[in-house]
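Novice: In our numbering, each residue carries its 1-based index in the sequence shown increased by 23. Where a beta carbon is used, it is the ideal one built from N, C-alpha and C, also for glycine.
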Amino acid sequence: MSIVDEVPLSEAEFWAAPDEEREAGFRRLRDEAPIAFYPEPDYGDFPAGPGYWSLTRFDDVMYASRHPELLCSGRGTNIGDIPDFLIDFIGSIINMDDPRHKKLRGLINHGFTPKALAQLLDSVRDRTTDVIDTIAEKGECDFVAEIAAPMPLAIVCDMVGVPPSQRQTVFEASNLILGVGDPEYVQSVEDLMAAVMSVHQVAMELGEHRLANPADDIATILMNAEVDRERLTVAEFASFFILLVVAGNETTRTAISHGMWALHNHPDERRLWAADFETHAVNAVEEIVRWASPVIHFRRTATQDTEIAGQPIAEGEKVVMWFNSANRDERQFADPYRFDLTRSPNPHVGYGGGGPHFCLGANLARREIRVMFEQLFQRLPDLEITAEPEILQSSFIHGIKRMPCAFTPA
Ligand code: HEM
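(1) So does the segment 63-73 actually touch the segment 298-308, counting three or more Cβ pairs closer than 8 Å?
(2) Taking Cβ positions, are residue 390 and residue 229 nearer each other than 7 Å?
(3) For the candidate residues 355, 82 and 115, whose alpha-carbon lies nearest to that of residue 97?
(4) For residue 341, report the span of its beta strand (DSSP E) as first-last.
(5) What's the call for residue 144, buried or exposed, on a 16-neighbour Cβ count within 10 Å?
(6) For residue 77, which residues does DSSP report across the bridge?
(7) How about residue 381 and residue 406: are their beta carbons less than 7 Å apart?
(8) Is the beta carbon of residue 88 closer than 7 Å to that of residue 375?
(9) Quick one, are the C-beta atoms of residue 446 and residue 177 less than 7 Å apart?
(10) Are the segment 360-375 and the segment 391-402 touching by the rule of at least three beta carbon pairs closer than 8 Å?
(11) Looking at the strands, I want to know which residues DSSP matches up with residue 423.
(12) Measuring only from the beta carbon, is residue 197 closer than 6 Å to any heavy atom that is part of the ligand HEM?
(13) In whole angstroms, what is the alpha-carbon distance linking residue 268 and residue 156?
(14) May I have the straight-line CA-CA distance separating residue 226 from residue 257, to the nearest angstrom?
(15) When every heavy atom of the ligand HEM is checked, does at least one fall within less than 6 Å of the C-beta of residue 280?
(16) Would you mind working out which of 146, 409 and 49 sits nearest residue 29, comparing C-alpha positions?
(17) Where does the unbroken alpha helix (DSSP H) through residue 231 begin, and where does it stop?
(18) Spell out the partners DSSP gives residue 325 in its beta bridges.
(19) Take residue 285 and list the residues in its own chain whose beta-carbon comes closer than 6 Å to its own, dropping the five residues that flank it on each side.
(20) Over what stretch of residues does the alpha helix (DSSP H) that includes residue 355 continue unbroken?
(21) Who pairs with residue 164 in a beta bridge, going by DSSP?
(22) Compute the Euclidean distance between the alpha carbons of residue 37 and residue 45, then round it to the nearest angstrom.
(23) Using 7 Å as the threshold, is the C-beta distance between residue 93 and residue 326 below it?
(24) Check the C-beta distance from residue 131 over to residue 244 and give it rounded, since I have them as a contact under 8 Å.
(25) Using a threshold of 6 Å, is the CB atom of residue 179 nearer than that to any non-hydrogen atom of the ligand HEM?
(26) Assuming residue 418 contacts residue 319 (C-beta within less than 8 Å), just tell me the rounded distance between them.
(27) Mind checking whether the beta-carbon of residue 184 lies closer than 6 Å to any heavy atom of the ligand HEM?
(28) Can you give the beta carbon distance from residue 193 to residue 203, rounded, assuming they're within the 8 Å contact cut?
(29) Of all the options 57, 32, 214 and 172, which has the alpha carbon lying nearest to the alpha carbon of residue 279?
(30) What's the call for residue 108, buried or exposed, on a 16-neighbour Cβ count within 10 Å?
(31) Does the beta carbon of residue 312 fall short of 6 Å from some heavy atom of the ligand HEM?
(32) Helix, strand or coil, according to DSSP, for residue 338 in the structure here?
(33) Taking the alpha helix (DSSP H) that residue 288 belongs to, which residues open and close that run?
(34) Just the Cα atoms here: how many angstroms apart are residue 134 and residue 408?
(35) State the DSSP-derived secondary structure class of residue 318, mapped to helix, strand or coil.
(36) Since residue 422 contacts residue 273 with CB under 8 Å, what's their CB separation in whole angstroms?
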């Protein structure tokens, strides 16, 4: 048996296994076959594609991220190609290359600068206060659904311009879109399509509305901007919208949930941070994102015959960057399986490895995670996780579906 059979990245069972088993598999790949060719997963409804090169070492993931001229995004960034009937609805800038990628990203970039985010800080604080107010008297709740999820959802919806009445639809659809692979969320391609269409509908209505009724939000900017002397169509706006709400929602929730689980399992680290929140906050938030690695992979495609670390890659071949594995690479991180809130430097690739697609929301996410833990330490200091988290079955998002917690009612 080859290592590709022994560490079956393309089999659903591999992603249903406990985290420790997956970690052991990725460690073997880093040591024994850091650039290995894998068959593509079988998606049932679609024929499997031609396979992909799997990159598991930190240096190779960085290289692939930073050479978009050799390894592009415009031919898709998920392992399987997006089926034609979905291509107009999902993807947007994450599946584009410069120059168009740069122009579209540039339209909203300034909304995510540290200065713009400083203005958003009050709103992150207020939303977090609301979330904790809602559960503080209960004494127990589901950490994921009731603590980690609502604030990032509210913030991204505020920024984009989603009215409160539509937020539940956006939330449910984004769970479903990123839940592909887990039978609890998606059983058929029809389920996925229905979710995409429901959020597409919200976006179309919002886009049309903002044309006539401008407001101070991203929807207004996008609907009124011109790129190459043309306005975005409502459909282009809608796919950008879907990317933003999906990207801004589940990822941050996942980081907060894994962060809490890690603090639960490492009481010394928890005590250290709680005793001096400010001193440790910057490093702690980075370590939480390295530890959680909420986004497990993205793909690139070779634009020409090339090579990575001596491995020839032919034009058109797919290359998958395993961010989770790069974040545990012993060649880069001392003692990578240690959750160390004081780790510094911490050049993790949780938000990507640099390059043009580096997470647009990284500064926002950092702020959200920080504010959430600050308030949890202050207001629910004895919060404990009362059962093992249920992990999403997915090779894309390292999600936690449910994680019960208890605390002294405030
Ligand atoms: C802890 C939370 C988050 C994590 C771990 C995360 C992770 C990532 C990763 C790995 C990428 C791809 C990077 C690459 O290919 O080089 C990405 C892209 C992106 N993220 Fe995030 N993200 C988070 C939060 C957010 C938030 C809050 C938003 C905003 C609302 C956001 C918006 C985006 C967008 C729009 C892209 C595509 C950028 C492009 O293609 O140019 N993300 N993110």
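Specialist: Checking against the coordinates, here is how it stands:
(1) no
(2) no
(3) 115
(4) 341-345
(5) exposed
(6) 59 and 343
(7) no
(8) yes
(9) In the structure displayed, the chain extends from 24 to 433; residue 446 sits before or after that span and is not available.
(10) no
(11) 414
(12) no
(13) 24 Å
(14) 8 Å
(15) no
(16) 49
(17) 212-235
(18) 94
(19) 314 and 362
(20) Where residue 355 is concerned, there is no enclosing alpha helix (DSSP H), given that its DSSP letter is neither H nor E.
(21) 428
(22) 7 Å
(23) yes
(24) 6 Å
(25) yes
(26) 6 Å
(27) no
(28) Between residue 203 and residue 193 the Cβ distance is about 17 Å, and since that is not below 8 Å, they are no contact.
(29) 172
(30) exposed
(31) yes
(32) coil
(33) 273-288
(34) 35 Å
(35) strand
(36) 6 Å
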